[in-house]
Every structure is written in C-alpha cells, then in structure tokens.
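Heads up: the protein sequence lines correspond to chains A and B, in order. Counting from 87, one number per residue, gives the positions in the first sequence under my numbering. Counting from 84, one number per residue, gives the positions in the second sequence under my numbering.
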Amino acid sequence: MKHDSKLRLAWFSPLPHDEGGASCTSAYVSSLLLPFLAKHFALEVFCNNFSSFADYTTHHHLTAFQRHKDNPFDLFFYQLEDHISSRFVRMYLGCMPGAVLFHDFIFCDHGPEPMLNSSWRETVARFHDESHAWASREVRHQNAGALALREGGLSALALFSNERAHAEYKRSVEHSLIKPHNGDAMSFFLPLPVPESCFDIDRGGFSATLGYCGLPRIEYRAHKFFSALKALKEPYKLIWLIEEGDRQACLELLREFGISSVELVAGRSAQKWQEILPRIDIAVHTLFSVYGSPGPYLAMSLASGAPCIVTNFGATEYLPESVVFKIEPGDTESLQLCQVLQRLLARGIAWEGDLQREYAREQHYLPGVAGQLVSVLKGRAGRLNSVMQRWKELERDARRELLRESRELFLKGEPDLGASECAFIEPKQFWAKSIEPIFEEFSWKV
Amino acid sequence: MATILVLGVKIPFTLGGQDVLVSSLCRELRSRGHTVDTVELPLSLLPKEGLLNQAALWRTINVTSCGGRAVDLVIATKFPSYFARHLRKSVWLVHQHRAAYDLYGTRYSDISDDPRDEELRRMLFAADTKVLGECAFVSGISKNVTDRLAHYNGISGEVLYPPPSMGNRYKCEPAEDYILSVGRLCAIKRLDLMIKALPVIHNFVKLKIVGAPDEPGIMDYYKNEIDKHHLWPRVEFLERVDDETLLRLYARCLAVYYAPHNEDYGYVTLEAMASHKPVIAANDSGGVLEFVRTEENGLVVAPDSNAISAAVNRLVENKEKARELGANGRRAIDKLGILENGWDRVVKGLLSPLDS
C-alpha cells in the first residue's frame, strides 16, 4: 500500500542512540541518508529499542511484522556490519527479505545460537521449489564461518559500501533468494556517503599535524605507525581519535614507542573525525585485516582533500594509486610509512587535494549516493515486490507446516486407548473437539 | 471473602521464582480469609512447535467453577496460564514466552529464522495480546515486565513488586569471606561470569552457590571452568537449602552476586537487601536495576568477569564500604515498604476485579 503515492519503506538499522551506535557505520549512514530518502519514500524506522529517532516514525523491530500486516510495506531495507549492534538486523533479514546494505561481508561475530543453527539453505531451496523438504528439526545446521553467506543468500537485493565485500559476495554466494533475471544485476556497489561540509574544508595552512583514528589493536598497525614516527626526522604533531574505553591501552602504546607530541581525542565517531579534519594535514588509515574496513573516516579524509595513507590490503586495496598512498604490509611497513610521512612533512605546505576531492565527489558525494540508492530501490521495486509475494506464500506454507507439526506432536505416541477399559476420550477426538476450536479462535490457521 | 484460583505454570523438576511467587500469593490470600487453590499445568519448552498446543490446553480449561463451587476470580501468572478463560481474570505477569520477545535473536532464545519459527513467534504475539487484553486487571512483577507488556503487546499494567517470601525473617550477621549466589543454574543467570572472576579475586574469598541446575550441560560447563583454574577449594555447590540455612547464608555473606541478563524481577535482589548485603549486578540485569543503585546499595558493572572481579575485590578490601552499601539497601526497601505492606498492595490490585 502506498502513502500519498510514495512507496512504504521499512528501514532496519542500528541508530546513533543505540549502544555503540556512535561508532557504528550503519548509524552514520542512517543519519545522512534518511533525510533524502524521506522525500521519496514513506519511511518507518525499526531499531532494537523503544526510543524514537529524530522525527521519524520509529518502532522496535519485533513489531515490524504486525505493522506490515496492518499496512504492508513495499520495501524492507537493512544495514549490516560486523558490529554487535547489527545483530538484530542479521536476525530479522531472515524473516522478511529485502534490500541489504552490507558494510562488511566477513564477520568475526558469528552471531547468536539461532543464527549459528539457521536452516537458511533449506529455506532458500524451498523458496525456489515447494517440493523441497522443510529443514529437519532434529539436525544442527552448522553455519560457523566468517563469510556472511546466510545474509547474502537471504538478501533480495544486495548492496555493498566497499568493493571487496561486493567481490566476496559475487565469489561465494551460491544459494540465494535471487537469481539473475534478464541480465538485471541484483547486487550493487553503493559507496559510503560523506557530508557535503567535508568538501569545504580549507587546506590553506600547514601545521605538520597527523590524524589517526585506528584502534590500539594490531590490525590497525598502530605499532608500525608509531615505529615510523619514532624514526621521523621532521617535527610533527599527532591527533589520535580514540574510544574512551581504550585510553589506557593507547597511552601504554604511546609510552612504549616514546611518542609524546600527541593529542588524544575521545569519542571516536565519524562526527568527531569531521570536527578534527580541518586541523589535520595528513590522514593515516592503515588496516591490515580481512575483517573490517576504514569506514566513513577514510572517505571523509579524501573529501577534505587530505593526503591519505592506507595499507594495500583488504578493502583499501581497491582504491586507485593516484588517490591514496599505499603501504605494503610486512617487514618494511614501518620504513615505508616513515618514508611517505617524511616526504609529505618535508614539503612544508598543505596538500592540494584536488585528486582526492574529485575522487570523493565522484564516489561519496552525499546527494549522489542518496540519488543512487533511491534509483536502485525504485528501479528494483518490482522485482523486490515479487520476492516478497513469493515469501508471503512461503510464510503461509510455513504456517501450514507448523500447524501440522503441532497436531502431530499432540497425537504422537498417544497409546491406542480404544480397547482399554479406562478410555473415555480418544486423542484425535479431543483434538478435534477441544483444541481445533481454540486454534480457530486465535486464527492459528492458514 | 472470595474463592480464588491462582494459575501457575510448573516446569517439572525445577524450582524458581515463579514457584515461590505462587505459593507466597496463595499463603497471603488465605491469611486474608479467602478460599484459595492453585491450578498448575506442566510446561515443556521443547519442542517449541508444541507451545501452541500447550497454550491451547490452558484455553480449554474451564475455571468458572470447580467441584460445584463457583470461582470468583482467577489470577494468572506466566505464559501460558493467562490463556485460561474466566470472566474475572487478573494477571500478575511474571513473563511471556521470552524466547519470542526480548530474548529473541540472542543466545538465550531457540527461535530461529526458520519461517515456521517466525510464524510461531507471530502467532504467540497475537494470541498473547488478545488473551492478556481480556484481563480485568493487568499487572507485572516489575517495571521491566510491564514495560515489555506495553512495548510488545501495547497493554499497560501496574507494577506490583512481590515481597520476599520470608517476610521479616531476614537478618544480618558479621560478614564472612564468601560471595553468595542464589538462583536456578542456567545460562541466563550468568553464574559462569562469577566463576571466571574467581581466579583474580583474593584467594581467601569463596563462592557459595544455592540452586539446582535446570539446563542440560550447565553443570559440566561450570565444572570445566572450576577444574581449569583449580577452584574447587573455593567453590561450593549447595543445591537447594531450607529456609533457615538460606537466611543464614544471606546473613553471613560479604555480598550477593546476582547479575542475570535482563531479569524479570529478581527475588534474590530483595532478599540480599533485606539481609543488609550489597548486590553485585550487571548493567543489563533488567528488573534487578529497579532496586540496585551502584555505589549506593550495590555495585553495577559491565557483564564481564574482569569487572565483576574488580567489584568483589573492592568490597573485600573495604569491608566498611560493603557494610555501608548493605545498610543502604535495607533502608531502601524499608522505604519502599515492600516487607511491611507489600502484600497489601499486591492483593488489593489483584482482587480489584471483584469490586466491579
């Protein structure tokens, strides 16, 4: 059903006010994209708590099915990343398929037991073929593994904010609700949006200030970075954006490497990074891990025109050489970092940043990204709708099967009392006379 | 005086807060001159596809009269007892089937993303909302429970805290060097965090555990953890104890560890406070946090063993602080009047449909 001819869109995402939401990419993207989407869709936001978000109609995700029943949505949209705040999204996208924006496709969080024991492959098979059996209740379905195969398979439209995640999806997802149709792609790369104000940052001055927002963990290469700083001949200042809970660990790391010219800024979030950017001359976004990506921080640095140093691995491997300074991970990592920093600091003047800005404007410009998303959602609405219609049939089918299981369970193992002197009511009769009417009363029927 | 049936749900071979609540309520109603009895059906949570049948069975029960005696009022407590039919039905809600509600999507729920499970969840939601809506009086055992009712089922209810079962018998004695844990042994109570905290707690501190296991494999898990860190000299499983022993255990402990995940209410919290003992709880312990205030009458920490061990060590190293927190806890519940006249309020609310 439409509201004022706009498609009804159910938006599932961690939000800024959720626990951990401030540092979460999905919350950041929601803050930026929702105002644009609200112009094109009748939006309702679903999250994992009962508080409201800005002026949007906001509900707990568990009430979504009732709201859908009362006034059906045309589209369901999910944001997913390797963050505990996304767990409810991972769970729910298996209950009502829709478009999924993946910020990660490799998860170190395997999710709770219900996902580990998910029978999603059987569900997908039955979605395509009604004669395929329902998953056995007895069997444990082992799903442990880093790739989000379940989430990829259950996506009706898969979007990716980094190209590596998209590549992994294309390479590895075999069982899927969607099949290519008439050459129409059902998976897309959708870059992270960046606020327009990042592009307006003035790079006139130069204060030899380095900006870093990596966590004090080995994969963020802080130890390599600080090793490089120790060897630097040029003077510098460092601003390190950290999470307050990591302060002790950060201080220890700095002490270990004898780095003293540091300003620690707590409250790690995209918003905080944006506040720091005008003061930064060089941004360091090293990351050497199959998990994670630089998130919006790198995109914002590029938009601001800052020279950015990244590791040539994972999500940043796909970036053009002309736009970033790439460091090869390994034995010479610190040396490479030192050389790049030395070169940039020795210039003594602000980086022009035109290439970076141009790249960022092409990829990350907020109105552009929002426009792309609107276009994809509207353009694929028809196909998404047919997936949802088929899913609705599957739900009816599931209900039928559940009711059959309930009845069978009730009657299973009932001794044949017919010949017994003690028999006064036969189980099948009891079911028909007493239980079935209750099931009718509650509309527990297909 | 009225003829009242209290509708309880029995999970065979276990004993928990629900059982205490039903027996206490019956006792209090009888003491006020009412004719009271219980109707209890066993509940089996597995297999989950049988839950609809069990709810339906409750619905078939006609409790308008029993043995020729008219029943004036029924008081339902927990899923699926509130499915029973009666013209005058009060509910003092302990909880719905939480696996389909707030525990859904967590490791404590067995409801998966299988479409059959999703249908089950939706059917339970809709039916719960209908039958709870039939109640002439709706209440919950804590704000956590009434919030859940409001958020998920759109039904508002009054908070009626169950007073601790042993009334004014709780006492305080000089603290000995042990932490007390009371409750069913199951994953959601998170006793494992306390066991894992022990290795970094002063080694003269012991852990005494009252309660029986009601989840398969849970004792093996605890035993493995204890074996791993050679903790057997410091850990004592007491299983179920009589009232006098429990009172003594509360009275002499240094502190009570009670940090379950999103607890409905938590009798143990009130019992600890009534015994003048501080409670160590977690910041996601739900109903427990309606009473425990960190640094006032207990310590509320992150649900991890590092934070718990730090909290325990603080109390061990500063016994005066532990005493102060415990004394504040007792003052807090005295101020709430739960021990003195908590039951008057509960009974008044639950019996209010009789007035109309």
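The beta-carbon is built from N, C-alpha and C at its ideal position, and this holds for glycine as well.
Under the Cβ distance rule, A:G353 does not count among the residues neighbouring chain B, no pair being separated by less than 7 Å. From the listed residues B:E132, B:D193, B:W141, the smallest Cα separation to B:K93 is found for B:W141. Those residues of the segment 211-229 of chain A placed with their C-beta closer than 8 Å to a C-beta in chain B are W220, A221, R223, ordered along the chain. For A:N203, the residues of chain B that pass the 7 Å Cβ criterion are S195, in the order they occur in the chain. Beyond the five residues adjoining it in sequence on each side, B:R323 comes within less than 8 Å, by CB distance, of L98, V293, G294, A295 in the same chain, given in chain order. Unbroken beta strand (DSSP E) stretches of 3 residues or longer found wholly inside the segment 273-339 of chain B: 289-293, 318-322, given in chain order. Pairwise C-beta distances place the segment 357-366 of chain A out of contact with the segment 146-163 of chain A, as fewer than three of them are shorter than 8 Å. For B:H313, the closest of B:I301, B:R181, B:N136, B:N286 by C-alpha to C-alpha distance is B:N286. In this structure, the alpha-carbon of B:A138 lies about 20 Å from that of A:I511. Counting other Cβ atoms within 10 Å of its Cβ, B:E132 reaches 16 or more and is therefore classed as buried. With respect to the 7 Å criterion, A:P406 and B:S192 are not classified as neighbours on the basis of their beta carbons. For A:W530, a Cβ of chain B is located within less than 7 Å of the residue's own Cβ. Among the residues facing chain A, B:E373 is not included, as its CB has no counterpart in that chain under 7 Å away. Residues of the segment 135-150 of chain B with a C-beta atom less than 7 Å from some C-beta of chain A are L135, N136, A139, R142, T143, listed in chain order.
DSSP places A:P513 in the uninterrupted alpha helix (DSSP H) bounded by 513-516. The alpha-carbon of B:D211 is positioned some 8 Å away from that of B:Y165. A:S172 and B:P198 have their C-alpha atoms spaced approximately 21 Å apart.
Burial state of A:A150 is buried, judged by a 10 Å Cβ sphere holding 16 or more other Cβ atoms. At a cut-off of 7 Å, the C-beta of B:R205 has a neighbouring C-beta in chain A. Below 8 Å, enough C-beta pairs join the segment 350-368 of chain B and the segment 414-422 of chain B to call them touching: three or more. Between B:G150 and B:L112, the alpha-carbon positions lie close to 20 Å from each other. At a Cβ-Cβ threshold of 7 Å, B:Y348 and B:I158 do not count as neighbours.
Contact between the segment 91-102 of chain A and the segment 424-440 of chain A is absent: fewer than three C-beta pairs spanning the two stretches fall below 8 Å. Under the DSSP assignment, B:I391 falls in the alpha helix (DSSP H) whose first and last residues are 388-400.
When DSSP states are grouped into helix, strand and coil, A:K155 belongs to the helix group.
Per the coordinates, the alpha-carbon of B:R335 lies some 16 Å from the alpha-carbon of B:G412.
Beta-bridge partners assigned by DSSP to B:T86: B:T118. In the three-state reduction of the DSSP assignment, B:R406 falls in the helix class, which pools H, G and I.
For A:I521, the closest Cβ of chain B is nearer than 7 Å.
Residue contact check for B:S388 against chain A: no CB pair falls below 7 Å.
Secondary structure at A:K265: coil, using DSSP grouped into helix, strand and coil. Within chain B, the residues placing a beta-carbon under 7 Å from that of A:F151 are R205, ordered along the chain. For B:G223, the nearest beta carbon of chain A is not closer than 7 Å to its own beta carbon. Close to chain B, meaning a Cβ-Cβ distance shorter than 7 Å, are the following residues of the segment 179-195 of chain A: G180, C181.
Closest in C-alpha terms to B:N145, from the list B:L170, B:P125, B:Y340, B:L128, comes B:L170.
Residue-level contact by beta carbon holds for A:A484 and chain B, with a gap shorter than 7 Å.
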